[in-house]
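Just so you know, the sequences run in chain order D and R.
Quick note on the working numbering: the first sequence kicks off at 2 and runs consecutively.
Quick note on the working numbering: the second sequence kicks off at 2 and runs consecutively.
Glycine included, C-beta positions come from ideal geometry on N, C-alpha and C.
Every value quoted in this text rests on a predicted model; they were computed, and no experiment measured them.
For reference, the structure is listed below as structure tokens.
Number of protein chains: 2
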Amino acid sequence: MTNITFKQLRYFEALARHGHFGRAADACAISQPALSMQIKELENELGTILIERGARQIRLTNFGEAFALRVRDILRSVDELGELARASREGLVGRLRIGIIPTVAPYLLPTIIGKLNQSYKDLDIHVRETLTPKLIQELSDGRIDTAIVALPVSEHSFTEVGLFEENFMLVRPSDDADKPVPEAELLHEMRLLLLEEGHCFRDQALSFCGVASARPWDGLDGSSLSTLVQMVGVGLGVTLLPEMAVAVETRSASVSVANFREPQPTRTIGMIWRKSSPLSVQLLRLSELVRQSALSLRSEQGFDTVTTH
Amino acid sequence: MTNITFKQLRYFEALARHGHFGRAADACAISQPALSMQIKELENELGTILIERGARQIRLTNFGEAFALRVRDILRSVDELGELARASREGLVGRLRIGIIPTVAPYLLPTIIGKLNQSYKDLDIHVRETLTPKLIQELSDGRIDTAIVALPVSEHSFTEVGLFEENFMLVRPSDDADKPVPEAELLHEMRLLLLEEGHCFRDQALSFCGVASARPWDGLDGSSLSTLVQMVGVGLGVTLLPEMAVAVETRSASVSVANFREPQPTRTIGMIWRKSSPLSVQLLRLSELVRQSALSLRSEQGFDTVTTH
DNA sequence: ATTTGTCATAGTTTCTACTTATTGCTGCCA
DNA sequence: TGGCAGCAATAAGTAGAAACTATGACAAAT
């Protein structure tokens, strides 16, 4: 096992450069004997002479020359470690793994990634799109760094930061556009089409309707909001859409979209990460960036008006 | 200025590999707190967190991963330093710069270099052929590692090792082959052709003749033994040749070669190096190899017989 | 609620690396 | 040739780093 120290290498490098113990010691801001001893120690550990000590001058041995070359390489690498650390302190660096739920992903992601690429050049972004429980698991395991989900998740080891609230909107066949918006309780008497089991958005919708879980129209669960809207378009029933999805999903289906009356159904989208995550500071900054993305998205789409197709 | 120590990197690498402070500490044969403290110190110096400490397990941070990769590189390089040292301890390694005088070089060098290449694979041999004073200077300056010259050189800072003795032989035009070999004192009454000023062989020959230095036949000094022999061949005079040169130089000239009567003129060829040279041990071994080369060369050429062309 | 596993902290001790002072060697110069 | 000057090695003492043991704190598992 090598017992060489960096000090020894630094001292040796100085000595090689100056060719003089005293001046090298000065350069290292230590006394000449200190340097002498470290060099001797280094030679001992190597079992080889590095320096040929003449009375009037010293000279690197053949091996010393070869050694010095490599040592310089090593010292440079070590210095670079420091640089790397400094760079990483400044901001996000390397890889960032984001988890995100499917009912948010398609609408928010493009904007987020765009902004991220712009703010953090050279950041390698991985996205994991899956259901909340999986995201929570993966976050715990350290397979992702943060996740965008509906709050609350109530994991005590996670930090939660709210990003925005979004309303649920009623999507009906376009023929129903002029009908009055039904009360929540009446929804489950209509054919309410929902995402399949496991999506938090399904549970949120159900809870808004005041229904526990079981439902009559089995077999009609959709695997994506897009599918649901298409189904509504051909008259199979009605569904709910999160505000953010409306613009995209209703573009190519003849459906009408309406706000519910107060109290409107709503959900909170937020970001979570491990409390112990060393990225905490950066993630908090990131959450601000995501909030901005959502805001700008919303104003683009003009959500104050009731959109009808 | 980086104050990172080598220990810290080793400890960190172990920690990264084991993912566990206790086990990493065991692997490093130290206690767990010792390792903890060094890791903390490392993080302090970097100003960055490397390890995310969970209650039940630890995990490298994003930066920690990147850091670990570089650290492994560095550790490997340092280990290689040790290997390099070990390799160089075994024998000659890298570059060997040999100086040699012109009246020996052409005859001995081919054999030496052959043997050297065979004994020390990967040894980078540089040869410097010049006059003794220059060689001594360059040896002092460390521009060559050793030199093969005629002894003694009497430099107190050099080690001298005798390699072999060689006789001087008389070279006359082939017509003179049957004439008796003249006494030394009579030589300078013949046209004695010698090397130009500066060659030690010239001085040796003159001293054999009992002559100080000045000579009547100026303008006929040769710059190489080969030239001298050619001059003898066309009847311009006689010359002396070191034993070792005879076979090569008299091959293509119609000259006769004769031994002097006892006491024969002779010179000692030897190897010298700085007493302070760290290669001393290897050079001593090398001198043995050179001695062998000279011996085998001599027996090949059958120097016990008086060679005549 | 208790135990267990794991890392951090505290207090001590041992070792390491530094400092100053001095010696020893070598070459230079008078 | 003898003394001086330059330079590195050695000696002795001190300060600081890094190690150890013991203990604490905290979250997870039982």
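### Task
Let me know if Gln-138/R comes out buried or exposed under the rule of 16 or more other beta-carbons within 10 Å of its beta-carbon.
In the assembly as shown, Gln-138/R is an exposed residue. Its beta-carbon has fewer than 16 other beta-carbons within 10 Å.
### Message
At 4 residues or longer, what runs of the alpha helix (DSSP H) sit wholly inside the segment 151 to 195 of chain R?
### Response
Whole alpha helix (DSSP H) segments, 4+ residues: 185 to 188.
### Message
With distance defined between alpha-carbon atoms, name the residue in Thr-267/R, Asn-63/R and Glu-91/R nearest to His-127/D.
### Response
By alpha-carbon distance to His-127/D, the top candidate from Thr-267/R, Asn-63/R and Glu-91/R is Asn-63/R.
### Residue span of the beta strand (DSSP E) that contains Glu-53/R, given as start and end
That run of the beta strand (DSSP E) goes 52 to 54.
### Message
Quick check: the segment 293 to 300 of chain D against the segment 106 to 119 of chain D, are at least 3 beta-carbon pairs closer than 8 Å?
### Response
Yes, since at least three Cβ pairs between the segment 106 to 119 of chain D and the segment 293 to 300 of chain D fall closer than 8 Å, the two stretches touch.
### Task
Measuring alpha carbon to alpha carbon, tell me which of Asp-146/R, Leu-43/R and Val-105/R ends up nearest Asp-125/R.
For Asp-125/R, the closest alpha carbon among the candidates Asp-146/R, Leu-43/R and Val-105/R is that of Asp-146/R.
#### Entry: Member of Leu-109/R, Glu-42/R and Leu-284/R whose CA lies at the smallest distance from the CA of Thr-3/R
Thr-3/R has its Cα closest to that of Glu-42/R, out of Leu-109/R, Glu-42/R and Leu-284/R.
#### Entry: Spatial neighbours of Leu-110/D in its chain, beta-carbon cut-off 7 Å, leaving aside the 5 residues before and after
Apart from sequence neighbours up to five positions away, the residues of its chain that approach Leu-110/D with a beta-carbon distance below 7 Å are Ile-101 and Val-128, ordered along the chain.
### Task
Determine which residues of the segment 66 to 93 of chain R have a Cβ less than 8 Å from any Cβ of chain D, and write them out in chain order.
Taking 8 Å as the Cβ-Cβ cut-off against chain D, the residues of the segment 66 to 93 of chain R that qualify are Glu-66, Ala-67, Phe-68, Arg-71, Val-72, Asp-74, Ile-75, Ser-78, Val-79, Asp-80, Glu-81, Leu-82, Gly-83, Leu-85, Ala-86, Arg-87, Ser-89 and Arg-90.
### Task
Determine the DSSP secondary structure at Glu-130/R, reduced to helix, strand or coil.
DSSP places Glu-130/R within a strand segment (E or B) once states are collapsed to three.
### Message
Give me the subset of the segment 286 to 300 of chain R whose CB atoms are less than 9 Å from a CB atom of chain D, sorted by chain position.
### Response
If you check each beta-carbon in the segment 286 to 300 of chain R against every beta-carbon of chain D, none falls closer than 9 Å.
#### Entry: Same chain, Cβ closer than 6 Å to Glu-130/R, five either side skipped, listed in chain order
Same-chain partners within the cutoff: Ile-101, Pro-103 and Ala-106.
### Chain-order list of residues whose beta-carbon lies under 6 Å from that of Met-245/R (same chain, five-residue window excluded)
Correct list, in chain order: Tyr-108 and Glu-167.
### Query
Around the C-beta of Glu-197/R, are 16 or more other C-beta atoms found within 10 angstroms, so that it is buried, or is it exposed?
Result: exposed.
### Task
Please confirm whether any heavy atom of the ligand NAP lies closer than 6 Å to the CB of Ser-300/D.
The ligand content of the structure shown is nil, which means the ligand NAP is not present either.
### Query
Per DSSP, what kind of secondary structure is Ser-277/D in: helix, strand or coil?
Reduced to three states, the DSSP call for Ser-277/D is coil.
#### Entry: Contact set between Arg-54/R and chain D, taken where Cβ atoms lie within less than 7 Å
Among the residues of chain D, those whose CB is under 7 Å from the CB of Arg-54/R are Ser-277, following chain order.
### Query
To the nearest angstrom, how far is it from the Cα of Ile-52/D to the Cα of Gln-33/D?
Going from the Cα of Ile-52/D to the Cα of Gln-33/D covers about 15 Å.
### Message
Going by C-alpha to C-alpha distance, which of Val-233/R, Cys-29/R and Phe-22/R sits closest to Ser-257/R?
### Response
The shortest Cα separation from Ser-257/R among Val-233/R, Cys-29/R and Phe-22/R belongs to Val-233/R.
### Query
If you count every other CB in all the chains shown that lies within 10 Å of the CB of Gln-9/R, and 16 or more means buried, which is it?
Buried, since its Cβ has 16 or more Cβ neighbours within 10 Å.
### Cα-Cα separation, Ala-215/D to Asp-179/D
Residue confidence for Ala-215/D is low, a pLDDT of 49 falling below 50, so the modelled location carries little weight; the figure read from the coordinates is stated next. One C-alpha to the other measures close to 30 Å.
### Message
Quick check on the burial criterion: 16 or more other C-beta atoms within 10 angstroms. Buried or exposed for Leu-298/D?
### Response
By the neighbour-count criterion, in which a residue is buried when 16 or more other Cβ atoms sit within 10 angstroms of its Cβ, Leu-298/D is buried.
### Task
Leaving aside the five residues before and after Glu-156/D along the sequence, list all residues of the same chain whose C-beta is less than 7 Å from its C-beta, in chain order.
Hits under 7 Å: Ile-137.
### Same chain, Cβ closer than 7 Å to Ala-15/R, five either side skipped, listed in chain order
Here Ala-15/R has Ala-25, Ala-28 and Cys-29 as same chain residues with Cβ atoms under 7 Å from its own Cβ, once five neighbours each way along the sequence are excluded.
#### Entry: Asp-74/R to Ser-78/D span [Cα, whole Å]
Going by the C-alpha atoms only, they are around 9 Å apart.
### Message
Here's a check: name, in chain order, each residue in its chain whose Cβ is nearer than 7 Å to the Cβ of Gln-39/R, leaving out the five neighbours to either side.
### Response
Excluding positions up to five away in sequence, the list reads Lys-8, Gln-9 and Tyr-12.
### DSSP-derived helix/strand/coil call for Asp-27/D
Correct three-state label for Asp-27/D: helix.
### Message
Short of 9 Å Cβ to Cβ, which residues in the segment 117 to 135 of chain R face chain D?
### Response
Answer in chain order: no residues at all.
### Query
Based on the DSSP output, what are the partners of Arg-223/R in its beta bridges?
One detail in the question is off: residue 223/R reads as Gly in this sequence, not Arg. Residue pairing from DSSP places Gly-223/R in a beta bridge opposite Leu-196/R.
### Query
From the beta carbon of Arg-11/R, is the nearest beta carbon of chain D less than 7 Å away?
With its beta carbon at least 7 Å from every one in chain D, Arg-11/R lies outside the interface.
### Near-chain R residues of the segment 138 to 172 of chain D (beta-carbon distance less than 8 Å), N- to C-terminal order
Correct list: Gly-143 and Asp-146.
### Task
Give every residue of the same chain whose Cβ lies closer than 7 Å to the Cβ of Val-72/D, excluding the five residues on either side of it in the sequence, and list them in chain order.
Closer than 7 Å at Cβ, skipping near neighbours: Leu-10, Phe-13 and Glu-14.
### Message
Below 7 Å on C-beta distance, what does Thr-1/R contact in chain D?
### Response
Outside the shown range of chain R, which is 2 to 310, sits residue 1/R, and nothing can be said about it.
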